[in-house]
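Residue numbers (my numbering): 3 to 277. Note that the Cβ used here is the ideal one computed from N, Cα and C, for glycine as well. All of these numbers come straight from a predicted model, not from anything done at the bench. All remarks here apply to the structure that follows.
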């Protein structure tokens, strides 16, 4: 049986300020698929996320998200924007940050249990508890978020994005500013959410290495073009050389990490030119 499509782009092109960022993108993301979006700085990786959210129209082509036009079903999308830091003095509890994923769009204080709608509020509290447990944050969910480590905060923000039980999870640089152990742990968590809970994931990444063992598909964007496919087909010297139009080498370090070597001004996407 063919897996259900969650995101579809056909011959898609995007522009900002009159500048063509990428074009000719043909992509289908299905239920439970884990996709990484890679490419040099400024190539339009976050722009692709905005296109899927319906916040930016395509310059050319077509995009469909959750069986309709982009932007029509955003309540079924969990979105984590580029990492924001919390002030160390912030006293808001971790679980209250997660709760914003359910009712952050509402104004006012929580209502008392005896008012109408108590059953729905209890269900929301149970859902918050469920996703906190899912991301492994139960031990510190009642602590002030400003006191937590970067990895702990990121788990809570992922829980916030999951609170509404989305069909699609959009993550913009969720591993940025985390140390290597936390990058590996968060990448494994995202992969588990995708596989076990059948959530399609599109993740903008600076470095493919932490997520490489878990990926189904890589979308590699360069100015004007793209290369899409399984990691072993896209992150190769031949594929990237063709994409950039200049010789590129992909080396495997002793620890298994991939390192891309080429003209820095064209393919630099991280320390050591990692993809």
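Minimum C-alpha distance to residue i - residue among the options
i	options	result
residue 8	62, 72 and 90	72
residue 230	33, 39, 35 and 5	39
residue 249	198, 174, 240 and 5	240
residue 25	6, 237 and 224	224
residue 244	227, 31 and 104	227
residue 34	205, 238, 201 and 233	201
residue 199	70, 136 and 209	136
residue 153	88, 103 and 102	88
residue 30	163, 11 and 100	11
residue 206	23, 49, 27 and 100	49
residue 53	172, 209 and 234	172
residue 176	126, 190 and 105	190
residue 85	174, 69 and 63	174
Cβ-based burial, residue i [other Cβ within 10 Å; buried from 16]
i	result
residue 77	exposed
residue 156	buried
residue 13	exposed
residue 97	buried
residue 185	buried
residue 51	buried
residue 91	exposed
residue 180	buried
residue 232	exposed
residue 58	buried
Residue i - DSSP class collapsed to helix/strand/coil
i	result
residue 48	helix
residue 263	strand
residue 243	helix
residue 140	helix
residue 92	coil
residue 152	helix
residue 258	coil
residue 110	At residue 110, the pLDDT of 49 sits below 50, so the modelled position is not reliable; the number obtained from the coordinates is stated separately. Residue 110: coil per DSSP, three-state reduction.
residue 103	helix
Below-7 Å beta-carbon distance, residue i vs any chain B residue
i	result
residue 29	Absent from the structure: chain B. Only one protein chain is present.
Same chain, Cβ closer than 7 Å to residue i, neighbours up to 5 away in sequence not counted
i	result
residue 258	none
residue 94	146 and 147
residue 32	5, 6, 7, 8 and 202
Cβ neighbours of residue i in the same chain (closer than 8 Å, five flanking residues each side left out)
i	result
residue 21	none
residue 46	16, 18, 23, 24 and 223
residue 187	153
residue 28	11, 12, 13, 14 and 230
Own chain, CB closer than 6 Å to residue i, minus 5 neighbours either side, in chain order
i	result
residue 219	37
residue 143	96, 97 and 134
residue 217	36, 38 and 233
* Asked: Hey, which unbroken runs of the beta strand (DSSP E) at 3 residues or more fall wholly within the segment 9-37?
  -> If one requires a minimum length of 3 residues, the beta strand (DSSP E) runs lying completely within the segment 9-37 are 21-32, in chain order.
* Which residue spans inside the segment 50-78 form an unbroken beta strand (DSSP E) run of at least 3? -> Qualifying beta strand (DSSP E) stretches, in chain order: 62-67.
* Unbroken stretches of the alpha helix (DSSP H), 4 residues or longer, contained in the segment 154-236 -> Counting only runs that start and end inside the segment 154-236, the alpha helix (DSSP H) elements of at least 4 residues fall at 182-199 and 233-236.
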